[in-house]
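First residue of the sequence shown? That's 182 in our numbering, and the numbers climb one at a time after it.
For each residue, glycine too, the CB sits at the ideal point set by N, CA and C.
To start, the structure under review is shown below, and the notes come after it.
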Amino acid sequence: MRTLTPSLLTREAFAPFGNVIEVHPDNTQLAINYGRTTRHHAVAEVATSGPDDRAILSIFRSEPVSLPFQLQVMERHPRGSQAFMPLSGAPYLVVVAPAGDFDAAGLRAFLASGSQGVNYHAGTWHHYSLAMERTSDFLVADRDGPGNNCDEINLEPHVMLALGEH
């Protein structure tokens with residue numbers, strides 16, 4: 182069984198899969214509300230593909246996993262992007278693979294801080310949310326509309342997710 186070790190989530194490393202949502206000096210920043218607020222503008226785009234689609238916000242509550250954790254399934258959303266922003270302040274794990282025909286050789290894992298969100302590009306393969314330390318809530322922005330927007334595949338063989346030795 183293959184073991185996958187997460188690396189720290191950075192904009193550069195995650196770029197092929199989507200956007201990292203975070204306060205960052207490279208963001209377009211706008212002073213609003215009479216200078217009392219800095220808006221980090223358009224840090225990600227909610228993508229939809231059909232005329233009857235709409236962008237929605239949901240809250241996902243995820244139970245924590247213990248490492249090592251056996252990855253058994255991956256999913257993708259071909260009709261729109263999907264963004265996760267942690268609300269609980271706890272770190273979590275992100276597992277992705279490039280869009281297109283699934284190839285386990287392209288699997289990547291990232292450790293996200295409790296202040297970093299991710300926005301998966303439409304079609305990017307990803308694992309469901311993997312909370313770590315405690316039950317965690319995520320604000321999720323994604324597409325709602327007609328047609329199937331979730332493809333799942335079983336990982337055979339399964340892949341083990343484990344922290345590396347540092």
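- Fully enclosed beta strand (DSSP E) runs of no fewer than 3 residues occupy 289–293, 298–301 of the region 274–302, in order along the chain.
- Taking L189 as reference, the option from Q210, V275, S310 with the minimal CA-CA separation is V275.
- Residue pairing for Q263: DSSP places it in a beta bridge opposite Y301, D323.
- In the assembly as shown, L238 is an exposed residue. Its beta-carbon has fewer than 16 other beta-carbons within 10 Å.
- P267 is positioned such that its CB atom lies no closer than 8 Å to that of F195.
- T316 is classed as exposed because its beta carbon has fewer than 16 other beta carbons within 10 Å across all chains shown.
- The C-beta distance from G199 to V299 rounds to 6 Å, short enough to fall under 8 Å.
- Within the same chain, and ignoring the five residues on either side of D233 in sequence, the residues whose Cβ sits closer than 6 Å to its Cβ are G326, P327.
- When only Cα atoms are considered, M341 and Q251 end up about 5 Å apart.
- DSSP places F241 in the strand class (E or B) of the three-state scheme.
- For S296, the closest of A278, A280, L288, G270 by C-alpha to C-alpha distance is G270.
- Setting aside the 5 residues that flank it on each side, V246 is surrounded in the same chain by L311, each with a C-beta closer than 6 Å to its C-beta; the list follows chain order.
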